[in-house]
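Asks:
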Amino acid sequence: MTLSTVLDGVGREETFGLLDEVSKREIRRAILTAVAVPGYQVPFGSREMPVSRGWGSGGLQITLAIVGPDDAVKVIDQGDDAGVNAVNLRRLIVGHTGCEEESDSRVATIIQSRHRVPEDPLRADQTLVLQVPVPEPLRGVERDMREQQRMHAEAEYSRMWVALYEDIVRNGVVTKTTGYPCLVDGRYVLATTPIPRWDVPKLNQAEHLTLFGAGREKRIYAVPPHTDVEPLTFEDVPFEVERTPGVSCRRCGAEEAFLVSVPAADGTETWLCSDTDWCDRRIRTAQAARTTNGTTDNREAS
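Note that numbering that gives the first Met the number 0 has the sequence shown beginning at 0, numbered continuously upward.
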């Protein structure tokens with residue numbers, strides 16, 4: 000799925016999927032506006048979906064508006080293809096569109112996600128759709144919606160900097176993890192919610208299109224390909240991603256991926272890759288290499 004495909008679909012009349020064509024056209028127009036103005040929150044008429052708002056209805060509407068019968072759709076929750084939310088949304092999308100279901104992020108054309116960007120670098124022919132619970136980055140420093148709109152219009156983000164400064168003064172480091180504020184294309188501050196800081200650098204100058212959908216808040220925004228995404232940070236306090244020195248994935252041994260802590264039966268904690276598909280492929284690759292090496296060694300011994 001590419002931007003040109005979305006553009007071609009604005010005038011499409013045939014019925015396909017769960018949404019009616021009027022709804023799809025509105026969502027596609029909102030997507031095109033969001034792509035034209037990176038980081039700007041575009042309001043849209045969020046429809047009632049067969050999932051509760053706050054459980055992926057915004058991302059679901061975007062996916063249903065842009066998906067075609069030739070697409071391969073991957074849905075993940077916390078990086079896991081087998082999560083309850085991911086399974087239900089994937090079943091809903093595939094069941095109503097007949098598109099292909101895919102778990103390999105290298106093959107999928109549309110990847111709908113909550114909380115993670117896949118470890119595999121995405122290509123220009125892929126679209127990442129992120130489910131967003133809270134799209135407004137200024138909500139933590141300003142509750143009045145009219146004042147939020149004024150601050151965005153005037154690019155008045157001084158309170159964001161003050162909030163980051165106070166966090167450093169109190170804790171010594173910036174403790175904000177998900178929803179880390181970023182300046183997009185040098186203009187709008189965007190909430191990267193709900194992805195962790197680990198995934199924020201993947202949005203900067205990316206090859207793929209990233210679409211953010213907030214169904215409850217009725218907002219869509221985007222990061223187009225080859226767009227600057229700069230985390231708000233101070234010159235003397237550089238931006239850092241989450242790291243736990245000395246730990247690795249219990250299953251595949253990876254240290255270079257985003258790891259999550261899982262309690263063990265004995266009360267200790269163990270670490271696993273958040274991206275389960277990426278982890279599984281590493282294991283299969285290692286097993287295949289050991290099998291090949293073992294076959295080679297047996298031939299040499301004989």
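All C-beta atoms, glycine included, are put in the ideal place defined by N, C-alpha and C.
(1) Going by DSSP in three states, C248 sits in which element: helix, strand or coil?
(2) Between which two residues does the beta strand (DSSP E) holding P58 run?
(3) Tell me the DSSP bridge mates of R113?
(4) Does R242 pass the burial test, meaning 16 or more other C-beta atoms within 10 Å, or should it be called exposed?
(5) With a Cβ-Cβ cutoff of 8 Å, do T192 and P132 count as a contact?
(6) Does the beta-carbon distance from A71 to A107 come in below 8 Å?
(7) Using CA coordinates, which residue listed in V228, R281 and L210 is at the minimum distance from V188?
(8) Extract the residue ranges of the beta strand (DSSP E) inside the segment 79-137, only unbroken runs of 3 or more that lie entirely within it.
(9) My assumption, with CB atoms under 8 Å, is that G318 sits in contact with E20. Please give the rounded CB distance.
(10) Please confirm whether G38 and Y179 have their CB atoms less than 8 Å apart.
(11) Can you list, in chain order, the residues of its chain with a C-beta nearer than 6 Å to that of D76? Leave out the 5 residues immediately preceding and following it.
(12) Could you tell me whether the segment 89-102 touches the segment 247-257, using the rule of 3 or more Cβ pairs below 8 Å?
(13) Classify R280 as helix, strand or coil using the three-state DSSP reduction.
(14) Would V261 be called buried (16 or more neighbouring beta carbons within 10 Å of its own) or exposed?
(15) Assign G293 to one of three DSSP states: helix, strand, or coil.
(16) With 16 other CB atoms within 10 Å as the buried threshold, where does A35 fall?
(17) Would Q147 pass as an interface residue toward chain C - the criterion being a Cβ-Cβ separation below 8 Å?
(18) For the alpha helix (DSSP H) containing L258, name the first residue and the last one.
(19) Let's test the definition: count the other Cβ atoms within 10 Å of the Cβ of T174 and tell me whether it reaches 16, buried, or not, exposed.
(20) So, helix, strand or coil for A154, using DSSP?
(21) Name the residue from D198, L208, T269 and G212 whose alpha carbon lies nearest to the alpha carbon of E239.
(22) Is T108 near the ligand GDP - that is, is its Cβ less than 7 Å away from at least one heavy atom of it?
Replies: According to the structure shown:
(1) coil
(2) Note on identity: in this sequence residue 58 is Gly, with Pro being the wrong assignment. G58 -> not in any beta strand (DSSP E); alpha helix (DSSP H) instead, spanning S56 to I65.
(3) D76
(4) Sixteen is the threshold: since fewer than 16 other Cβ atoms of the shown chains lie within 10 Å of the Cβ of R242, the residue is exposed.
(5) yes
(6) yes
(7) V228
(8) 109-113 and 126-130
(9) Past the edges of the chain, shown from 0 to 301, lies residue 318, and the structure says nothing about it.
(10) Between G38 and Y179, the CB-CB gap reaches or exceeds 8 Å.
(11) G82, N84, A85 and R113
(12) Taking one beta carbon from each stretch, the segment 89-102 and the segment 247-257 have fewer than 3 pairs nearer than 8 Å; the two do not touch.
(13) In the three-state scheme derived from DSSP, where H, G and I count as helix and E and B as strand, R280 is classed as helix.
(14) exposed
(15) Reduced to three states, the DSSP call for G293 is helix.
(16) exposed
(17) Annotation note: the requested chain C is absent from the structure, which comprises a single protein chain.
(18) That residue, L258, is in no alpha helix (DSSP H); its beta strand (DSSP E) goes L258 to P262.
(19) That one is exposed.
(20) coil
(21) A check of alpha carbon separations from E239 across D198, L208, T269 and G212 identifies D198 as the nearest.
(22) Ligands are entirely absent from the displayed structure, and the ligand GDP is therefore not among its contents.
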